[in-house]
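Engineer: Quick one: the structure is below, questions incoming.
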Amino acid sequence: MLMGEKTIIVNGKKYKTTEKYLLQALEKLGFDIPHLCSHPDLEPIATCRLCVVEVNGRIRTSCNTIVEEKMNVITDSEELIEMRRHNLELILSNHPLDCDYCYRNMHCELQRLAEKITNKTRYSGKQRKREKDESSIAILKDFDKCILCGRCIQICEKQTVNVFDYVNRGFETIVGTAFDLPLSQTPCVSCGQCVLHCPTAALIEKDETQPVLKAINNPDKFVIAQIAPAVRVTIGEELGLKPGVILTKKLVSALKRLGFDRVFDTSLGADLTIMEEAAELVSRLEQSKSLPMFTSCCPAWVSFVEEFYPEFIQNLSTTKSPHEILGAIIKTYYAEKNNIDPKNIVVVSIMPCTAKKEEARRTELKVNNLEVVDHVITTRELGKLLREFGVEIEKLEDSDFDDLMSASSAGQIFGTTGGVMEAALRTANYFITGKNDYEKIDYKEVRGLKG
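Following numbering that gives the first Met the number 0 from start to finish, the sequence shown increments by one per residue and tops out at 450.
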């Protein structure tokens with residue numbers, strides 16, 4: 000018997016589980032229990048009331064019910080099914096139901112549950128109506144699509160930013176900000192965790208696909224895409240392919256088909272970032288100055304330090320992030336080499352992160368009074384573009400990145416957890432010892448989630 004293992008009875012049959020909460024146990028055992036507020040990254044708060052089951056003769060929400068030895072659970076009684084349907088229809092009664100042209104169409108948890116549980120809405124009446132908050136550069140908040148699940152509140156609290164909370168009472172309850180401030184006037188660092196965890200389109204990334212298409216269709220513009228290492232893996236899952244499929248060369252072909260003039264690898268920018276960061280680290284170590292040194296590659300992290308820990312700003316590296324460095328190279332070195340006016344170059348960064356959108360608008364990152372990155376689109380926005388233009392990426396021929404300069408493996412591992420630090424340590428080791436022996440040294444306590 001495994002430590003912490005308990006025996007529970009589900010629908011008359013005995014099962015063993017080591018899970019803490021009943022919903023997790025039931026899902027592991029193959030029981031599909033509907034839920035909207037529960038998420039593996041968050042503590043259960045039981046706001047949606049969809050995960051109801053019967054435990055020892057009483058109706059309980061399974062997400063926050065702790066598993067006990069020999070508890071008797073029923074998941075599929077007629078009463079439970081009707082109760083779940085009733086609760087879901089109440090949620091839907093205060094929802095716009097504009098699924099056909101919603102940003103999250105076919106990727107919405109509420110839509111998927113509605114399809115499985117009910118085929119009608121029995122309740123109608125007054126709906127909450129508020130204007131969208133489009134003040135943020137990176138994130139759009141649509142109050143009308145909020146189902147009050149509380150995920151964004153929890154995840155923002157987990158990031159110790161605490162932008163969101165429940166506001167008002169009863170029917171007037173919304174998830175809002177302190178003093179009803181627009182997002183742009185809150186401490187929001189645009190990390191995008193709220194967008195990632197939102198089950199509907201109440202929180203989405205600010206869509207930049209239309210200005211990108213406008214630039215592509217402008218014959219006077221030379222449009223260049225740069226791709227972050229993570230995107231070439233995650234785009235497959237976004238398009239419905241098996242998670243983890245590497246589509247690097249097919250993605251280059253797809254972007255060329257969309258009309259981009261050149262496609263570059265952001266890994267080159269990562270290499271340049273690492274050279275700068277490693278040199279800066281060695282210099283600081285030699286001078287015992289402003290240590291420890293923090294990476295500045297993540298714009299959400301930079302904003303977090305500026306907002307909440309300004310005393311550590313001096314510890315941030317002065318180096319730009321990879322896509323900003325590559326953007327600067329494109330609008331200076333590449334533009335001069337190819338005799339192109341930098342004002343006619345449009346650089347589009349394809350990134351896995353919403354905070355990059357805000358970073359691209361930072362005035363201090365301009366070169367020759369030009370923004371070096373004109374637009375940032377996320378993996379989801381890229382998926383939307385490919386679907387809109389009927390590009391079936393898996394059927395395309397392979398293509399190589401356009402040649403600007405080659406990139407090393409240090410730039411490639413930026414997409415992994417701890418990869419930035421490992422790359423910096425590798426390069427700093429080379430600067431100090433003069434030996435390129437990274438193959439002999441495995442920084443296993445740095446890379447991954449345990450570093």
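Ideal placement from N, C-alpha and C gives every residue a C-beta, glycine not left out.
The ligand COA and Ile173: does the residue's C-beta get closer than 7 Å to at least one heavy atom of that ligand?
Structural biologist: As far as ligands go, the structure on display features none, and thus does not contain the ligand COA.
Engineer: With DSSP collapsed to three states, give me the class of Leu147.
Structural biologist: Indexing the sequence shown from 1 puts residue 147 at position 148. Leu147 falls in the coil class under three-state DSSP.
Engineer: Take Ala406 and list the residues in its own chain whose beta-carbon comes closer than 6 Å to its own, dropping the five residues that flank it on each side.
Structural biologist: By 1-based counting over the sequence shown, the position of residue 406 is 407. Residue placement at Ala406 is poorly supported in this model, since its pLDDT is 49, which falls under 50; the coordinates are not used for a value here.
Engineer: Please confirm whether Val148 and Leu35 have their CB atoms less than 8 Å apart.
Structural biologist: Translated into positions along the sequence shown, residue 148 becomes position 149. Translated into positions along the sequence shown, residue 35 becomes position 36. Here the sequence assigns Cys to residue 148, which means Val is not the residue at that position. For Cys148 and Leu35, yes; Cβs fall inside 8 Å.
Engineer: What are the complete beta strand (DSSP E) segments, minimum 3 residues, inside the segment 243-329?
Structural biologist: With a minimum length of 3 residues, the continuous beta strand (DSSP E) runs that stay inside the segment 243-329 are 261-264.
Engineer: Using alpha carbons as the reference points, say which of Cys197, Val281, Asn104, Ser302 lies closest to Thr432.
Structural biologist: For the purposes of this step, residue 432 is taken as the residue at position 433 of the sequence shown. Among Cys197, Val281, Asn104, Ser302, the Cα nearest to that of Thr432 belongs to Val281.
Engineer: Out of Leu385, Ser92, Ile349, Thr159, state which residue places its alpha-carbon closest to the alpha-carbon of Ser123.
Structural biologist: Start at 1 with the first residue of the sequence shown, and residue 123 comes out as number 124. The shortest C-alpha separation from Ser123 is found at Ser92.
Engineer: Under a three-way DSSP split, which group does Ile412 fall into?
Structural biologist: By one-based count along the sequence shown, residue 412 stands at place 413. Caution applies to Ile412, whose pLDDT of 48 falls short of 50 and renders its modelled position unreliable; the model cannot decide the point.
Engineer: On the three-state DSSP scale, how would you describe Arg360?
Structural biologist: Indexing the sequence shown from 1 puts residue 360 at position 361. Coil at Arg360, not helix or strand.
Engineer: Below 7 Å CB to CB, which residues in the same chain sit around Glu305 once its five sequence neighbours on both sides are set aside?
Structural biologist: On the sequence shown, residue 305 is found 306 positions in, with the first residue counted as 1. These residues qualify, in order along the chain: Ile312.
Engineer: Is Glu13 helix, strand or coil by DSSP?
Structural biologist: In the sequence shown, counting from the first residue as 1, residue 13 sits at position 14. The sequence as given places Lys at residue 13; Glu does not occur at that position. Three-state DSSP puts Lys13 in a strand.
Engineer: Which residue's Cα is closest to the Cα of Pro321: Leu315, Lys220, Glu275?
Structural biologist: The sequence position of residue 321 within the sequence shown is 322, counting from 1. Closest option to Pro321, Cα to Cα, is Glu275.
Engineer: Alpha carbon to alpha carbon, how far is Glu380 from Asp179? Give it in angstroms, no decimals.
Structural biologist: What you label residue 179 is simply residue 180 of the sequence shown in a count that begins at 1. What you label residue 380 is simply residue 381 of the sequence shown in a count that begins at 1. Computed Cα separation, rounded: 28 Å.
Engineer: What do you reckon, are the CB atoms on Val347 and Ile328 nearer than 8 Å?
Structural biologist: Walking along the sequence shown from the start, residue 347 turns up at place 348. Walking along the sequence shown from the start, residue 328 turns up at place 329. No, these two residues do not count as a Cβ contact at 8 Å.
Engineer: Which residue wins for smallest C-alpha separation from Thr46, given the options Ile73, Cys98, Ile152, Ala354?
Structural biologist: As a first step, residue 46 is located in the sequence shown; it is residue number 47 there, counting from the start. Per the Cα distances, Ile152.
Engineer: Residues bridged to Gln225 by DSSP?
Structural biologist: Within the sequence shown, residue 225 is the residue found at index 226, counting from 1. Paired residue(s): Phe263, Ser348.
Engineer: Measure how close the beta-carbons of Ala253 and Leu21 come, nearest whole angstrom, since I'm counting them as under 8 Å.
Structural biologist: On the sequence shown, residue 253 is found 254 positions in, with the first residue counted as 1. On the sequence shown, residue 21 is found 22 positions in, with the first residue counted as 1. Rounded, the Cβ-Cβ distance is 44 Å, inconsistent with contact.
Engineer: Secondary structure at Ala406, three-state DSSP: helix, strand or coil?
Structural biologist: Within the sequence shown, residue 406 is the residue found at index 407, counting from 1. Caution is warranted here: a pLDDT of 49 is assigned to Ala406, below 50, making its placement in the model unreliable, and the coordinate value is therefore given only provisionally. Three-state DSSP puts Ala406 in coil, outside helix and strand.
Engineer: For Asn104, name the three-state secondary structure that DSSP assigns.
Structural biologist: Here residue 104 corresponds to residue number 105 of the sequence shown, with the count starting at 1. Of the three classes helix, strand and coil, the one that applies to Asn104 here is coil, per DSSP.
Engineer: Taking the DSSP output, what are the residues bridged to Tyr20?
Structural biologist: Start at 1 with the first residue of the sequence shown, and residue 20 comes out as number 21. In DSSP, Tyr20 forms a bridge with Ile65.
Engineer: Thinking just about the alpha-carbon of each residue, which of Asp397, Ile392, Glu387, Glu391 is nearest to the one in Tyr102?
Structural biologist: Translated into the one-based positions of the sequence shown, residue 102 becomes position 103. Comparing Cα-Cα distances from Tyr102 to each of Asp397, Ile392, Glu387, Glu391, the minimum goes to Glu387.
Engineer: Tell me the start and end of each unbroken beta strand (DSSP E) in the segment 109-180 that is at least 3 residues and wholly inside, in chain order.
Structural biologist: Complete beta strand (DSSP E) runs here, min 3: 138-140, 163-166, 173-176.
Engineer: Terminal residues of the continuous alpha helix (DSSP H) containing Val230?
Structural biologist: Locating residue 230 in the sequence shown gives position 231, counting from the first residue. First-last of the alpha helix (DSSP H) with Val230: 230-237.
Engineer: Does DSSP classify Ile44 as helix, strand or coil?
Structural biologist: For this step, residue 44 is matched to residue 45 along the sequence shown. Coil at Ile44, not helix or strand.
Engineer: Under 8 Å: do the segment 132-139 and the segment 354-362 share three or more Cβ pairs, one atom per stretch?
Structural biologist: With a cut-off of 8 Å, the segment 354-362 and the segment 132-139 count as touching, because enough Cβ pairs lie within range.
Engineer: Between the alpha carbons of Pro341 and Ile32, how many angstroms are there, rounded?
Structural biologist: Taking the first residue of the sequence shown as 1, we reach residue 341 at position 342. Taking the first residue of the sequence shown as 1, we reach residue 32 at position 33. Whole-angstrom Cα-Cα distance: 55 Å.
Engineer: Starting from the C-beta of Leu202, find all residues in its chain whose C-beta is less than 7 Å away, skip the five residues before and the five after it, and write them out in chain order.
Structural biologist: Counted from its first residue, the sequence shown places residue 202 at position 203. So the qualifying residues of the chain are Ile138, Lys140, Cys151, Cys193, Val194.
Engineer: Under three-state DSSP, which class holds Lys5?
Structural biologist: The residue you call residue 5 lines up with position 6 of the sequence shown. Reduced to three states, the DSSP call for Lys5 is strand.
Engineer: For the candidate residues Ser316, Phe142, Pro291, whose alpha-carbon lies nearest to that of Leu182?
Structural biologist: In the sequence shown, residue 182 corresponds to position 183, counting from 1. Comparing Cα positions, the closest option is Phe142.
Engineer: Would you mind sorting Ala177 into buried or exposed? The rule is 16 or more other CB atoms within 10 Å of its CB.
Structural biologist: One-based indexing of the sequence shown puts residue 177 at position 178. It counts as exposed.
Engineer: Opposite Ile376 in the DSSP bridges: which residues?
Structural biologist: The residue labelled residue 376 in the question sits at position 377 within the sequence shown. In DSSP, Ile376 forms a bridge with Ile349.
Engineer: Please classify Thr60: does DSSP put it in a helix, a strand, or coil?
Structural biologist: In the sequence shown, counting from the first residue as 1, residue 60 sits at position 61. Thr60: strand per DSSP, three-state reduction.
Engineer: Is it buried or exposed, Ile226, if we count other Cβ atoms within 10 angstroms and call 16 or more buried?
Structural biologist: In the sequence shown, counting from the first residue as 1, residue 226 sits at position 227. So Ile226 ends up on the buried side.
Engineer: Under three-state DSSP, which class holds Val371?
Structural biologist: Locating residue 371 in the sequence shown gives position 372, counting from the first residue. Note: Val371 maps to coil in three-state DSSP.
Engineer: Measure the alpha-carbon distance for Lys15 versus Ala278 and round it to whole angstroms.
Structural biologist: The residue labelled residue 15 in the question sits at position 16 within the sequence shown. The residue labelled residue 278 in the question sits at position 279 within the sequence shown. Their Cα atoms are separated by approximately 55 Å.
Engineer: Alpha carbon to alpha carbon, how far is Ser398 from Lys128?
Structural biologist: Stepping through the sequence shown from its first residue, residue 398 is reached at position 399. Stepping through the sequence shown from its first residue, residue 128 is reached at position 129. When rounded, the distance between both Cα atoms is 48 Å.
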